[in-house]
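Number of protein chains: 2
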Amino acid sequence: MTSWHKRVMTKRVITSIDVARLAGVSQSAVSRAFSTTASISPATREKVFKAAEALNYKPNRIPSIMLTGRSGMIGIIVGGLRNPLYGSALEQLSAGIREAGFQVLLVQVMDTVTLEMALDTLAGYRVDALITALAIGSEDTAAALSALNIPVICFNSALIGPGISSVRSNNFDSGRRVAALMQEWGVERPYWLAGPVVNAASRARRAGFLEGWGAKKLSVTELQGDDHYDSAFSAVSEALRAGHRPDGLFCSNDLMGCGALDALKDTGGMSCPEDVVVVGYDNIPQAAWHSYQLSSFDQRPDALVAASLDILARSLSAPDERLSETHVIEADLVLRRSTSRTLAP
Amino acid sequence: MTSWHKRVMTKRVITSIDVARLAGVSQSAVSRAFSTTASISPATREKVFKAAEALNYKPNRIPSIMLTGRSGMIGIIVGGLRNPLYGSALEQLSAGIREAGFQVLLVQVMDTVTLEMALDTLAGYRVDALITALAIGSEDTAAALSALNIPVICFNSALIGPGISSVRSNNFDSGRRVAALMQEWGVERPYWLAGPVVNAASRARRAGFLEGWGAKKLSVTELQGDDHYDSAFSAVSEALRAGHRPDGLFCSNDLMGCGALDALKDTGGMSCPEDVVVVGYDNIPQAAWHSYQLSSFDQRPDALVAASLDILARSLSAPDERLSETHVIEADLVLRRSTSRTLAP
DNA sequence: CGCTTTTCTGCATAGCTATGCAAGTTTAAG
DNA sequence: CTTAAACTTGCATAGCTATGCAGAAAAGCG
């Protein structure tokens, strides 16, 4: 690790005292001029603004953090941004946070170790709250999050603990729903294409799907992928070459769904939806692209985001409450060509 | 704008003084125990760590920002994360920044107004440097960035000014190269599918492409989109319905390239590469997906990121230099099915 | 053991703003 | 014009850590 830090104070920075001097007022006046709540005469404010402009003064938020103990920063922990769903979720979250006058301290995390380090860092910067958009999460993680003593919101994941809230879609029900629909469509060889086992949402979708088929006494064949297109393409291609012939395939997410569709078509020479129906999850833009037209569950990221921001707002206005809520947003199944099949004969 | 801020100090937070008291040492000892450079005996450090653990103390970075004038935060300004290229670039940038011991203060910006506000905010938080990944950028913007008096790095865009460096791919040359290749492939009706006019990179690609064809005295037909799939699909579909029959299409980016491919196939009934060759830009994962196989320029995001981080490191270690460099990374043209055509007859 | 050198520790302070308080000033009311 | 009320301003201070300095302790050396 390179160390770019320097201890020496090199550049002299303009302070409110400089502005006060130039404007011929006290430092407090400068502070009040930039405050929305304080009382100050328009004339003084004008003088201050003019001096500030001349000196290119920007109010320094750091000392106020020390005074109030609130940084105005919300930590966001993400695991990766390659899935467009997370990109767009981060986009919306940060927009809402900014709207509310807060900033985003972004941390990217690869594993549990870096997560622990990240938490220390975030605590050091005194973030006012924390939003995690991580698939991974154990009891240890939950405990570490709770220990931060700030509101924590799990976006699209579920952890339990004091001060920890979570917002997610009803993965289990969605899985069961796919099973039911496939049964109506006459599917007899159902397949499940899994994401990484650490992914709790993926596990829940699988569980629902399996239960839905369990009622019919039909067992589901499971394929394993890693949340991305390539692994899905490989896994399905390999299965097809091994003689598998699914007539219904539920994929852990849309990136995998697209990979599966391509494999079914190119490797297996199968046509969709005639030979096989496919359902994904997330309803990313690519699912709607003409070459795929993949049916998918829309997790309604805006609803997820809105719920998260709502919890955030309430948590911040009542810091002693240690809110611990769970919001489950029902996912919308968007039907497209990949399942456009009439009912079973 | 809702105001979640509270002025009252509610939660008592553990300070280094608390730890010092419990450990039976001075506050300075605690500070030194958590510092890597200071000199402290192993015994004392041990005592401090034990006490810190017991009290769940996390060193507070805020006062140190006041003392040193350095926040350890790098501001990153993005315009949107829907294009996977930016998601993955942000991912890599933030990883590198974290690696170097810095944090990421993320700001999302929609227009020039929010940009101005964002700059004030970032200045207030005393970010040590700034990386912008914005397509937009005028002279005013450049001046505002320069006025921050911190190193600024334009990622994938080019602004000029003291203290402003930029890293981008050779958009103009790439455009010219596509023109030359299309000429070898026998293209006679070249089309350009543009991104938003504010996008400087898109304009440069266009300019190169036009110049390349200008030499042949062949004029390029231009279509207008907005950087995303849907607009590309619409624009191309409309053109096809209006009787256009391109035999070579260069698209401002891959999202648009995919939209164009689908329109050519579904709306125009054309086959690619037989009837028309298509080239995109960015080499996002989707360009490699089997249903598209879109030839594209790989901007080599890792090289862009590495160059950015290199400039960042040097800027931070020599804050008085006001570095102002321009790095142009040559994009790799990745040829796929969408241009797999033998030379012109 | 006496000396120098090195290592360790505590004291005191700087860093910059927001705010309670009191004093001063303007406005409103009678 | 007097008095009360509202508003404005400056003073002084708190908030928490890192670090220069000096003194103390330990280590090294002859």
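Protein chains in written order, with our numbering: chain A, 27 to 371; chain B, 27 to 371. Think of the CB as a built atom: it goes at the ideal place given N, C-alpha and C, for glycine as much as any other residue. The model shown is predicted, which means the values in this text are computed figures rather than measured ones.
Alpha-carbon spacing of residue i relative to residue j, whole angstroms
i                 : j                 : result
Trp211 of chain A : His316 of chain A : 23 Å
Met35 of chain A  : Ile355 of chain B : Only weak support exists for where Met35 of chain A lies, its pLDDT of 41 falling under 50; the value from the coordinates is given anyway. Computed Cα separation, rounded: 35 Å.
Gly388 of chain A : Leu48 of chain B  : Here chain A covers residues 27 to 371 and nothing more, so residue 388 of chain A does not appear.
Ile100 of chain B : Val130 of chain B : 5 Å
Ser297 of chain B : Ala159 of chain A : 41 Å
Asp137 of chain B : Thr167 of chain B : 11 Å
Ser334 of chain B : Ala357 of chain A : 40 Å
Leu290 of chain A : Tyr318 of chain A : 12 Å
Asp301 of chain A : Ala170 of chain B : 59 Å
Arg38 of chain B  : Ile310 of chain A : 44 Å
Ser52 of chain B  : Glu142 of chain A : 28 Å
Ala372 of chain A : Val139 of chain B : Nothing can be reported for residue 372 of chain A: it is not among the residues displayed for chain A, which extend from 27 to 371.
Arg87 of chain A  : Gly113 of chain A : 28 Å
Lys84 of chain B  : Gln118 of chain B : 27 Å
Thr147 of chain B : Leu132 of chain A : 16 Å
Ala233 of chain B : Thr94 of chain A  : 53 Å
Val135 of chain B : Ala261 of chain B : 27 Å
His254 of chain B : Leu111 of chain B : 12 Å
Glu72 of chain A  : Asp328 of chain A : 41 Å
Pro68 of chain B  : Thr62 of chain B  : 12 Å
Leu145 of chain A : Leu116 of chain A : 19 Å
Val45 of chain B  : Ile103 of chain A : 29 Å
His270 of chain A : Ile123 of chain B : 46 Å
For residue i, the three-state DSSP class (helix, strand or coil)
i                 : result
Ile337 of chain A : helix
Glu300 of chain A : coil
Val133 of chain A : strand
Arg194 of chain B : strand
Val51 of chain B  : coil
Lys32 of chain B  : Its pLDDT being 34, under 50, Lys32 of chain B is placed unreliably in this model, and the value from its coordinates should be taken loosely. It is coil, neither helix nor strand.
Val354 of chain B : strand
Gly95 of chain B  : coil
Ala241 of chain B : coil
Leu349 of chain A : coil
Pro68 of chain B  : helix
Arg38 of chain A  : coil
Arg203 of chain B : helix
Contact under 8 Å by Cβ, residue i with residue j
i                 : j                 : result
Gly377 of chain B : Gly306 of chain B : Summary: the structure shown does not reach residue 377 of chain B, with chain B confined to residues 27 through 371, and so no result is reported for it.
Arg152 of chain B : Ile91 of chain B  : yes
Gly127 of chain A : Arg348 of chain A : no
Ala268 of chain A : Gly238 of chain A : no
Ser192 of chain A : Leu185 of chain A : yes
Ser341 of chain A : Pro177 of chain A : yes
Gly187 of chain A : Ser172 of chain A : yes
Arg203 of chain A : Leu330 of chain A : no
Cys277 of chain A : Ala265 of chain A : no
Arg367 of chain A : Val304 of chain A : no
Val74 of chain A  : Ala59 of chain A  : yes
Ala286 of chain A : Leu219 of chain A : yes
Residues that DSSP places opposite residue i in a beta bridge
i                 : result
Gln250 of chain A : A:Ala220
Ser101 of chain B : Checking the sequence shown, residue 101 of chain B turns out to be Gly, not Ser. BP columns for Gly101 of chain B point to B:Leu131, B:Leu156.
Val360 of chain B : B:Ser322
Tyr307 of chain A : A:Phe323
Leu275 of chain B : B:Tyr217, B:Val304
Val178 of chain B : B:Leu156, B:Ile190
Nearest neighbour of residue i, chosen from the options [CA to CA]
i                 : options                                : result
Ala453 of chain B : B:Leu361, B:Pro188, B:Arg71            : Here chain B covers residues 27 to 371 and nothing more, so residue 453 of chain B does not appear.
Asp346 of chain B : B:Ile100, B:Asp44, B:Ala155            : B:Ala155
Val223 of chain A : A:Glu214, A:Val262, A:Ala161           : A:Ala161
Ala226 of chain A : A:His270, A:Phe181, A:Thr247           : A:Phe181
Ser57 of chain B  : B:Glu165, B:Arg38, B:Ala78             : B:Ala78
Glu351 of chain A : A:Asp253, A:Phe198, A:Ser263, A:Ser183 : A:Ser183
Ser321 of chain A : A:Gly106, A:Gly274, A:Asp336           : A:Gly274
Gly106 of chain A : B:Arg96, B:Ile103, B:Arg215, B:Ala121  : B:Ala121
Leu338 of chain A : A:Gly95, A:Phe60, A:Glu125             : A:Glu125
Tyr217 of chain B : B:Ser228, B:Ser245, B:Phe198           : B:Ser245
Asp280 of chain A : A:Gly221, A:Val104, A:Gly295           : A:Gly221
Arg96 of chain B  : B:Ala46, B:Asn175, B:Thr70, B:Glu165   : B:Asn175
Phe235 of chain B : B:Ser263, B:Ser200, B:Glu214, B:Lys243 : B:Ser200
Asp292 of chain B : B:Ser263, B:Arg215, B:Pro299           : B:Ser263
Residue i beta carbon near the ligand ZN (any heavy atom closer than 7 Å)
i                 : result
Ala227 of chain A : No copy of the ligand ZN appears in this structure; indeed no ligand is present at all.
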